[in-house]
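Okay, structure first, notes after.
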Amino acid sequence: MSSTKSPRQNKSKKYENCPPIQLILRDNKGWRLYKQSRKGKLQMQSQTRPCGDADIIFSDDGQYFAVILEEGIEIYESQNGRKLFFLKHYRVRNVYFSPNNSFIVSYHHRRQDDKHGNCWVWKWNQTQTQNQNQ
Numbered sequence: 002m003s004s005t006k007s008p009r010q011n012k013s014k015k016y017e018n019c020p021p022i023q024l025i026l027r028d029n030k031g032w033r034l035y036k037q038s039r040k041g042k043l044q045m046q047s048q049t050r051p052c053g054d055a056d057i058i059f060s061d062d063g064q065y066f067a068v069i070l071e072e073g074i075e076i077y078e079s080q081n082g083r084k085l086f087f088l089k090h091y092r093v094r095n096v097y098f099s100p101n102n103s104f105i106v107s108y109h110h111r112r113q114d115d116k117h118g119n120c121w122v123w124k125w126n127q128t129q130t131q132n133q134n135q
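Quick note: the sequence shown uses our numbering, first residue 2, plus one each step.
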């Protein structure tokens, strides 16, 4: 009687080809971006000042993320946690990235005294922003 290895036994686990883990922690001290090093340890990439109410939203492709604060929106590059820019939009409640990351849509709860509306569309050129930061 001969035995053969199952396909499951022939496959070895190779994690070298997997992208590194990225993790954002948010607590009463603010938020922190951690990224997995080559040795597998999570290392802090960036952190902010203490904030009581900050939401974090990623673009669909995970390339960028937005931190929603009381006074506006901070846009970051996910790869290294570098802050790209700040969009002033008081009382913003939500942010959406367009599919190609060329527009950001933000809105806040409308009040009667709002003169500029509650939904704002921001256009930006990612390649221009990346070249300025290099």
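Here a beta-carbon is modelled for each residue, glycine too, at the ideal position from N, C-alpha and C.
Query: Are the Cβ atoms of TYR65 and PHE98 separated by less than 8 Å?; Result: yes
Query: Would you mind working out which of LYS124, GLN23, ARG33 and ASN119 sits nearest PHE86, comparing C-alpha positions?; Result: LYS124
Query: Does the Cβ of HIS90 have 16 or more other Cβ atoms within 10 Å, making it buried, or fewer, making it exposed?; Result: buried
Query: With DSSP as the reference, label TRP123 as helix, strand or coil.; Result: strand
Query: Measuring alpha carbon to alpha carbon, tell me which residue in ASP28, LYS40 and ASN119 is nearest ILE57.; Result: ASP28
Query: Going by DSSP, which residues form a beta bridge with ASP114?; Result: In the DSSP output, where bridge partners are listed per residue, ASP114 has none listed.
Query: Can you tell me whether DSSP reads ASP61 as helix, strand or coil?; Result: coil
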